[in-house]
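**Student:** My questions all concern the structure below.
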Amino acid sequence: MTNNENTLITITPQDLAGDYASIAEIIGMENAKLLYEHYRGQQITFPQRFYSKNYVALQATHELKKGNCTLSQLAVKYGYTERRLRQLIKEFT
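The letter at position 10 of the sequence shown is residue 552 when you use our numbering, and the numbering goes up by one with no holes.
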């Protein structure tokens with residue numbers, strides 16, 4: 543879109559369709575465009591958890607051995623109950 547023949551109108555997040563506007567506000571226009579180009583037309587759901595169970599178990603084990611945190615603190619940090627965190631540590635280490 544142009545104002546005149548030589549000047550392009552600057553695109554802002556508000557110019558984007560649907561959820562692309564909020565995505566562009568969070569990660570920027572260029573990154574939103576990359577997501578659009580890669581995933582357009584697809585429905586994407588994001589997992590509740592950012593880290594894999596394996597990573598959480600290994601990292602928690604490492605932090606417990608260092609004595610930096612208690613199991614209770616790590617459970618809160620990674621969003622698990624103490625019981626579930628113990629299970630993950632047992633399963634993945």
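Ideal placement from N, C-alpha and C gives every residue a C-beta, glycine not left out.
For residue 556, which residues of its own chain have a beta-carbon under 8 Å away from its beta-carbon, when the five flanking residues on both sides are left out?
**Tutor:** Correct list, in chain order: 563.
**Student:** What first and last residue would you give for the alpha helix (DSSP H) that runs through residue 634?
**Tutor:** 624 to 634
**Student:** Looking at C-alpha atoms only, which residue of 554, 593 and 618 is the closest neighbour of residue 574?
**Tutor:** 554
**Student:** Check whether the Cβ atoms of residue 627 and residue 602 sit closer than 8 Å, and answer yes or no.
**Tutor:** yes
**Student:** Are the Cβ atoms of residue 630 and residue 598 separated by less than 8 Å?
**Tutor:** yes
**Student:** If you follow the alpha helix (DSSP H) that residue 585 is part of, which residue opens it and which one closes it?
**Tutor:** Boundaries for residue 585: no alpha helix (DSSP H) harbours it, and the DSSP string shows neither H nor E there.
**Student:** Over the uninterrupted alpha helix (DSSP H) stretch that includes residue 596, give me the two end residues.
**Tutor:** 595 to 608
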